[in-house]
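Engineer: Can you keep this structure in mind? I'll have questions shortly.
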Amino acid sequence: MLIAQLTDIHIGFDPVAGPEELNQTRCRAVLSRILDGPHRPDLMVLSGDITERGDVASFERAAALFADCPFPVWPMVGNHDSREALLQAFPQIRGEDGFVHGVVERKGLRIVLLDTLDPGRHGGAFCGRRQTWLTAQLDAAPETPTVLFMHHPPVVSGIDWMDPDPEAEWLRRFGEAVEGRRNILAIHCGHLHRPMAATFRSIPVHVAPSVAPLLALDLRPTDPDQPDGRDLIIVEPPAFALHRWDGRDLVTHYEGVGEWHTMARYTEKLQPMIRGMMAERK
3 MLIAQLTDIH IGFDPVAGPE ELNQTRCRAV LSRILDGPHR PDLMVLSGDI TERGDVASFE
63 RAAALFADCP FPVWPMVGNH DSREALLQAF PQIRGEDGFV HGVVERKGLR IVLLDTLDPG
123 RHGGAFCGRR QTWLTAQLDA APETPTVLFM HHPPVVSGID WMDPDPEAEW LRRFGEAVEG
183 RRNILAIHCG HLHRPMAATF RSIPVHVAPS VAPLLALDLR PTDPDQPDGR DLIIVEPPAF
243 ALHRWDGRDL VTHYEGVGEW HTMARYTEKL QPMIRGMMAE RK
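Position 42 of the sequence shown, counting from 1, maps to 44 under our numbering, and the rest follow consecutively.
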């Protein structure tokens, strides 16, 4: 089974440009790669910040982009989004107890979609009600392989201006919910606009690169009172994640989408190399 993950699309960043705005163009390029490429996912997760301002018009534009996907699409909220506008634009999604979260079960894998939105704040949230909900979902199938999707990474990346307080209450609650859950294979996130790997309570954490322009990698401390001219946003190619579940292991790949050219193809010339490499498996 293949799960495509698109994150941080930010439709409506330039509302005057309409359908030709940069972020919408980048999203169409990623979708073309997914739909016309060699891999057809079984489902797609949009892991938050689908829009820039959370307005209905931007969500409707986003929904139109994904309307023709021949597989289920599961949108999630990020800090730039609005629950109400998302539910209006994607009527197949149902809110629960005031949140946009849920569970999808496919081919022996449970996919838990978490809501980490705290309206008006940039950072994440995981309140007591969400902790209770997640605990109940995990208790319902303690032996079933499970993957969690959430917009905000529950880790400190070192990109100072984007990071949470490591002692934040929401991280403590989330940690209590997942601590010791050996069936959680991975936590997949967005928000950071960069690929990153880490661990949280011994669980692998992966952050997918964004569809919108990426964040510059700069691990120096940030002084909110002293702008230092560093790069913040850079126009690297848009990218997406592809998670492969074979019934036993979960593997994640990232692919950038741009004006690449093919350097080598599998022809008779390279057949000896391929044959030799595969023979080593025996």
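Ideal Cβ positions, reconstructed from N, Cα and C, are used throughout, including at glycine. Small disclaimer: the values here were computed from a predicted structure and weren't measured.
Is Trp163 buried or exposed, if buried means 16 or more other CB atoms sit within 10 Å of its CB?
Structural biologist: As a working note, residue 163 is residue 161 in the sequence shown. Its Cβ having fewer than 16 others within 10 Å, Trp163 is exposed.
Engineer: Let me confirm a value: Ala241 is counted as buried when at least 16 other C-beta atoms fall within 10 Å, else exposed. Which label applies?
Structural biologist: Within the sequence shown, the letter at position 239 stands for residue 241. Per the 10 Å Cβ criterion, buried.
Engineer: Express the C-alpha separation of His41 and Leu187 in angstroms, rounding to a whole number.
Structural biologist: Along the sequence shown, one-based indexing puts residue 187 at 185. Along the sequence shown, one-based indexing puts residue 41 at 39. About 22 Å.
Engineer: Taking 7 Å as the limit between beta carbons, can you name the residues of its chain near Leu216, skipping five residues before and five after?
Structural biologist: One-based indexing of the sequence shown puts residue 216 at position 214. Excluding positions up to five away in sequence, the list reads His195, Arg196, Ile236, Glu238.
Engineer: Check whether the Cβ atoms of Arg96 and Val105 lie closer than 8 Å to each other.
Structural biologist: Working through the sequence shown from its first residue, we reach residue 96 at position 94. Working through the sequence shown from its first residue, we reach residue 105 at position 103. Not in contact: Arg96 and Val105 (Cβ atoms no closer than 8 Å).
Engineer: Is it the case that the CB of Pro223 approaches a heavy atom of the ligand HEM more closely than 7 Å?
Structural biologist: Annotation note on the ligand HEM: not contained in the displayed structure, which lists no ligands.
Engineer: Identify which residue in Ile52, Arg246, His124 has its Cα closest to the Cα of Ser212.
Structural biologist: As a first step, residue 212 must be located in the sequence shown, where it is residue number 210. The shortest C-alpha separation from Ser212 is found at Ile52.
Engineer: Just checking, does the stretch 264-279 make contact with the stretch 201-211 on the three C-beta pairs under 8 Å criterion?
Structural biologist: Counting Cβ pairs under 8 Å, fewer than three are found: no touch.
Engineer: Pick helix, strand or coil for Ile315, following the three-state DSSP scheme.
Structural biologist: With the chain represented from 3 up to 284, any question about residue 315 goes unanswered, as that position is not in the structure.
Engineer: DSSP state of Ile36, grouped into three classes?
Structural biologist: Here residue 36 refers to the residue found at position 34 of the sequence shown. In this structure, Ile36 counts as helix in the three-state DSSP scheme.
Engineer: In whole angstroms, give me the CA-to-CA distance for Asp220 and Gly160.
Structural biologist: Taking the sequence shown and counting its residues from 1, one reaches residue 220 at position 218. Taking the sequence shown and counting its residues from 1, one reaches residue 160 at position 158. Each residue's alpha carbon lies about 8 Å from the other.
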